[in-house]
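Just so we're aligned, residue 34 is where the sequence shown starts under the numbering used here, counting upward by one.
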Amino acid sequence: MSTLHLVSTQTESDNLVQAHHIHQSVQIEPWSYATFEDCFTPPYYGVLAFEANKVVGFAIVLEVLSEATLMDIAVDESVRGKGVGKALLSFVLQRSHHNGMEEMWLDVRESNQVAISLYEKLGFHYIDTRKNYYPTRDGKENALVMKWSAVGVKGLSRGAIKN
34 MSTLHLVSTQ
44 TESDNLVQAH
54 HIHQSVQIEP
64 WSYATFEDCF
74 TPPYYGVLAF
84 EANKVVGFAI
94 VLEVLSEATL
104 MDIAVDESVR
114 GKGVGKALLS
124 FVLQRSHHNG
134 MEEMWLDVRE
144 SNQVAISLYE
154 KLGFHYIDTR
164 KNYYPTRDGK
174 ENALVMKWSA
184 VGVKGLSRGA
194 IKN
């Protein structure tokens with residue numbers, strides 16, 4: 034089972050390097066390491082998933098006013114299908130709700146049915162389609178815009194997450 038840790042100033046730089054390698058493995062046009070590292074500073078926050086002292090996943094969230102945006106989430110191929118993505122997503126939903134966020138937005142590749150299914154299971158709803166948004170090896174792919182709302186959500190307590 035994975036353990037989750039918020040990224041802080043005490044986070045070892047090697048852990049961010051490991052997370053960036055995961056990011057690079059899943060993106061056609063990955064962010065530079067400097068951009069990736071910057072996404073773990075306010076108004077962003079990040080969480081890392083560990084197994085056996087190795088980073089196996091991460092999530093990055095931007096919080097502004099009462100809205101959060103899931104900027105990136107990825108799980109190492111070696112542990113996909115074992116609940117790491119669900120744990121990361123559940124954690125950031127709870128944390129952002131605790132931080133006063135009323136909704137969370139995300140974009141997802143139209144072809145990423147595994148992710149779309151997970152998002153739907155955790156309460157995200159389809160809002161719109163961004164045509165030709167994501168680069169692919171052969172051109173462009175549509176992105177689905179999805180939103181989660183804290184209004185009426187049961188089971189999420191503002192007191193459940195400690196900073």
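Cβ coordinates follow ideal geometry from the N, Cα and C atoms, glycine included.
In this text the structure is predicted, and so the values were computed from the model without any measurement.
Worksheet item: For K87, which residues does DSSP report across the bridge?
Response: E84
Worksheet item: Taking the alpha-carbon positions, what's the T42 to G90 distance?
Response: 19 Å
Fill in: Residue of I61, T68, S35, E62 minimising C-alpha distance to V50
T68
Worksheet item: alpha helix (DSSP H) containing R128: first to last residue?
Response: 117-131
Worksheet item: How is D47 classed by DSSP in three states: helix, strand or coil?
Response: helix
Discussion item. Quick check: Y77 and V88, are their CB atoms within less than 8 Å of each other?
Written reply: no
Worksheet item: When you compare each of A107, S144, V117, H56 to T36 by their alpha carbons, which one comes out closest?
Response: V117
Worksheet entry | For E143 and N175, believed in contact at Cβ under 8 Å, the rounded distance | 4 Å
Discussion item. So, for M134: in the same chain, excluding its five sequence neighbours on each side, which residues have a beta-carbon less than 8 Å away from its beta-carbon?
Written reply: E96, S99, E100, A101, A183
Practice prompt. Decide if G172 is buried, meaning its Cβ has at least 16 other Cβ atoms within 10 Å, or exposed.
Written response: exposed
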